[in-house]
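As structure tokens, the structure follows; a few thoughts come after it.
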Amino acid sequence: MSRPQPLSGFPELLPRQRIVEQQVVDHLRRAFELHGFANLHTRAVEPMDQLLRKGETSKEVYVLRRLQADAEGGDAGLGLHFDLTVPFARYVLENAGKLNFPFRRYQIQPCWRGERPQEGRYREFLQADIDIVDLGELPAHYEVEVALVIADALRGLPLPPVRMHVNNRKLSQGFYQGLGIHDTDEALRIIDKLDKIGHDAVAKLLIDTVDATPEQAEACLKLASISAEDTSFVEEVRALGVSDPLLDEGLSELAAVVDAAAKEAPGFVVADMKIARGLDYYTGTVYETVMEGYEGLGSICSGGRYDKLASDGKHTYPGVGLSIGVSRILVPLLQAGKIDATREVPTCVIVALADEEDRSAANALAQRLRRRGVPTQVSPSAAKFGKQIKFADKRGIPFVLFTNEEGTQIKDIRSGEQTTVDVDAWEPPAADLHPTIVAE
RNA sequence: GUGGUCGUAGCUCAGCUGGUAGAGCACUCGGUUGUGGUCCGAGAGGUCGCGGGUUCAAAACCCGUCGAUCACCCCA
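Convert by adding 599 to the 1-based position in the first sequence; the result is the number in this note's numbering.
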């Protein structure tokens, strides 16, 4: 077949879908900026050693190679970034002297991972990140703040209801430690699989891999079963009878997040002790967000606190951040037709053409509308008016402007209503000026 | 990377045990000598993903390949 086929994992949108994506990105941008986050744009590539820095993450990194490079490659092993946290950490170190701390930034850029694509997971995807990073110490209140920023950003988007599940690494690991389990990192990774493999399999893994006794395993699972929308979880955890200083710290930090969130974004955050996150660099609060009806997508927004986002040996830069999977949210919703744009072009008004000779007059008319911010285009040809209206209709353009004996008339092609207007005063209804997102 | 399923018109799909392609929607033109959406009529559009094999004959069977999709893994 000569027609090119799509590339697995590299979704491309149709114009009307792209309008949805653009509107979402604009919305996120406004929300982040309202909270004082500065924008950053980092290069697409990072040195391989930077990308592979974080533990032995088996991320499938796309490696860059120049066609003309020597076989042995004098190229300094570059790879495309697979998230925005790693580039940000590098950027912070590189520009530490020029940044003011605490520093808050947002970043909305594509990322690449070579994994096998699936619904909601792509090889190229858009991610919207916020992080707050400080020098030396990062106050715990930022762990509350980033969750609230996300709540604010996601709210107001026409998406299915979303809910953020929050836990604290100190809480879980302190609990395991208090129980007498030594490899608390591994225990956490096992608990992370709870949703996938179930209670019994997790118990068996705990017993087999971290030498937990059946009683210890059961206690871990009891902890993981606790969840609450308010601080009542603190009592539930205490009731399990484990005591440990790290556990206490975790409990009070998580309580602070849940307490503040309950006040400022009721119903958005739920404390959930089975949230662990597979990644090893989180050290405090961890977040995962699910979209109602799309639980199968997994987390659409996650992140956490890391005491060592970056370090140059002398200074450490702790941070806390969250990342919204824009593609993960949008592509499945678009494909399912759950979300769409009101039209497929920005155009609000088509200036009809009675005769090709009228084109320059029509251009002038269009320009008068554009000057006042009304996206306008002139009809492609002086075809029959029926066709010109159809041209608009097919694209979802709401208005057609005619010039006739009555003067200039605007027709709303949805209602069919046509009225004589003053081109320099006419305003479309606010909802029609630009395309908007509609949810099913 | 491992395994399953699928690949026919722009889209959704039909095509029985092999006999060389069809529907609906969309599209173009006309009915409607310039204000669409309904209706009616006509028309255009496919080397049946690609390559090879079996056969008198393959969209159909076999092999390979590419692509899609799902599961595992991992995660946004």
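Quick reminder that beta carbons are idealized off the backbone N, C-alpha and C, glycines included.
| Asked | Found |
| --- | --- |
| Backbone CA spacing between E714 and R971 [nearest angstrom] | 48 Å |
| Span of the beta strand (DSSP E), counted from its first residue to its last, around R967 | R967 -> not in any beta strand (DSSP E); alpha helix (DSSP H) instead, spanning R958 to R970. |
| Endpoints, alpha helix (DSSP H) assigned at P646 | No alpha helix (DSSP H) contains P646, which is instead part of the beta strand (DSSP E) from V644 to P646. |
| Rounded straight-line distance, which links the Cα of E943 to that of L553 | The shown model of the chain, from 600 to 1039, leaves out residue 553, and the question about it has no answer. |
| E863, DSSP secondary structure in three states | helix |
| Contained beta strand (DSSP E) runs [length at least 3] in the segment 844-932, N- to C-terminal order | 868-871, 884-890, 900-910 and 915-924 |
| Start and end residues, alpha helix (DSSP H) containing P813 | P813 to A823 |
| Per-residue DSSP class, three states only, for R617 | helix |
| Span separating the alpha-carbon of S922 from that of S898 | 10 Å |
| Contacts around E655, its chain only, beta-carbon distance under 7 Å, and the 5 residues preceding and following it disregarded | With a pLDDT of 42 at E655, under the threshold of 50, the predicted position of this residue should be treated as unreliable, though the coordinate-derived value follows. The answer is none, since no qualifying residue turns up. |
| Helix, strand or coil at H781 [DSSP, three-state] | coil |
| Cβ-Cβ distance between Y905 and Y881 below 8 Å | yes |
| Residue from F687, P614, E659 and D682 whose Cα sits closest to the Cα of A637 | F687 |
| C-beta contact flag for I938 and K873 at 8 Å | no |
| Alpha helix (DSSP H) segments (min. 4 residues) lying fully within the segment 669-712 | 684-694 |
| One or two residues paired with L725 in a DSSP bridge | P709 |
| Close Cβ partners of P974 (< 6 Å) along its chain, the five nearest in sequence each way excluded | P945, T946 and C947 |
| Backbone secondary structure at T808 - three-state DSSP | helix |
| Continuous alpha helix (DSSP H) assignments of at least 4 residues falling wholly in the segment 973-1004 | 984-994 |
| Meets three-Cβ-pair contact criterion under 8 Å: the segment 996-1006 and the segment 1018-1034 | yes |
| First and last residue of the uninterrupted alpha helix (DSSP H) at D837 | The amino acid occupying residue 837 in the given sequence is Arg; Asp does not appear at that position. F832 to R837 is the extent of the alpha helix (DSSP H) around R837. |
| Of the residues A816, G866, P759 and D625, the one placed nearest H1033, counting alpha carbons only | D625 |
| Sequence-distant residues of the same chain with beta carbon closer than 6 Å to G773, five excluded per side | D843, L845, L846 and G849 |
| R876 burial status per 10 Å Cβ neighbour count (16 or more: buried) | buried |
| Segments of 4+ residues assigned as alpha helix (DSSP H) that fall wholly inside the segment 731-790 | 740-753 and 768-778 |
| V660 to L753 span [Cα, whole Å] | 29 Å |
| Buried versus exposed call for H764 [16 or more other C-beta atoms within 10 Å across all chains shown] | buried |
| Alpha-carbon to alpha-carbon, F724 and R927 | 8 Å |
| With 16 other Cβ atoms within 10 Å as the buried cut-off, status of E736 | exposed |
| Residue environment, R664, which counts as buried when at least 16 other CB atoms sit within 10 Å | exposed |
| Separation of L933 from A816, as counted between CA atoms | 42 Å |
| Beta-carbon contacts of V833 that lie in its chain and below 6 Å, excluding the five residues immediately before and after | L850 and A854 |
| Extent of the continuous beta strand (DSSP E) to which D939 belongs | I938 to A940 |
| Extent of the continuous alpha helix (DSSP H) run through D954 | Neither: D954 is in no alpha helix (DSSP H) and is coded neither H nor E. |
| Inter-residue spacing [alpha-carbon to alpha-carbon] between Y705 and G696 | 19 Å |
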